[in-house]
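So for the sequence shown, our numbering puts the first residue at 5; every next one is plus one.
Glycine included, C-beta positions come from ideal geometry on N, C-alpha and C.
Just so you know, these numbers come straight off a predicted model, no measurement behind them.
To start, the structure itself, in structure tokens.
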Amino acid sequence: VIMAPSFVNIGAYVDEGSMVDSLVLVGSCAQVGKNVHLGAGTVIGGVLEPPNSTPVIIEDGAFVGGSCGIYEGVVVEANAVIGAGTIITGRTPIIDVETGEEYFGRVPENAVVVPGGRVKKVGNSEIILQTPLIIKRRDPQVSAKLAMEDSLRVFE
Numbered sequence: 005v006i007m008a009p010s011f012v013n014i015g016a017y018v019d020e021g022s023m024v025d026s027l028v029l030v031g032s033c034a035q036v037g038k039n040v041h042l043g044a045g046t047v048i049g050g051v052l053e054p055p056n057s058t059p060v061i062i063e064d065g066a067f068v069g070g071s072c073g074i075y076e077g078v079v080v081e082a083n084a085v086i087g088a089g090t091i092i093t094g095r096t097p098i099i100d101v102e103t104g105e106e107y108f109g110r111v112p113e114n115a116v117v118v119p120g121g122r123v124k125k126v127g128n129s130e131i132i133l134q135t136p137l138i139i140k141r142r143d144p145q146v147s148a149k150l151a152m153e154d155s156l157r158v159f160e
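Here it is in structure tokens:
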């Protein structure tokens, strides 16, 4: 289902059972799997050139919240959940808060990712850099929306 006004550019592919909400752009050559939800206002980056550039791939069952941006050949693996407002590029570190592991260019299967930040020292100042955070792993039996809401309400 593609809600108006949304755009699926030339060469892009959206598989069956997926929902492309209002004001979404699926860029050229991007690949969207089965039963994916792309929230309103999201941009899935495209690539036409150079010819061997890697497209953005959103695998089956993923949920991308509203106003997200996924760019530069990032792969969102199966059943991952991307929280509203998250921006991910191929060079953006995605930090797993439980293990400290950093991922570049891919969101692991079943990961629940939210916008976050990390402090970087620049000269005598400290700045906060936008850094998506993996806050938990989704139980495949739990809906994507519930996985996000539950993890945001638990404070330990």
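Determine whether the beta carbon atoms of residue i and residue j lie at a separation below 8 Å.
i	j	result
G109	V78	yes
A34	A8	no
G87	V111	no
R141	A115	yes
G50	N39	no
I92	I74	yes
From the DSSP output, in three-state form, read off residue i for me.
i	result
Q145	coil
K140	strand
V85	strand
Y75	coil
I48	strand
V60	coil
I91	strand
I14	coil
L42	strand
V30	strand
V5	coil
Item to check | Contained beta strand (DSSP E) runs [length at least 3] in the region 97 to 133, N- to C-terminal order | outcome: Within the region 97 to 133, the complete beta strand (DSSP E) runs of at least 3 residues are 98 to 100, 115 to 118, 121 to 126.
Checklist entry - On the three-pair Cβ rule with 8 Å, is the region 81 to 90 touching the region 53 to 60? => result Result no; under three Cβ-Cβ pairs closer than 8 Å.
Checklist entry - Is there contact here, the region 123 to 131 with the region 67 to 75, by at least three beta-carbon pairs under 8 Å? => result Touching, no, given that fewer than three Cβ pairs across the two stretches are closer than 8 Å.
Checklist entry - How do the region 23 to 34 and the region 90 to 106 stand: do at least 3 beta-carbon pairs fall below 8 Å, yes or no? => result Contact between the region 23 to 34 and the region 90 to 106 is absent, because fewer than three Cβ pairs lie under 8 Å.
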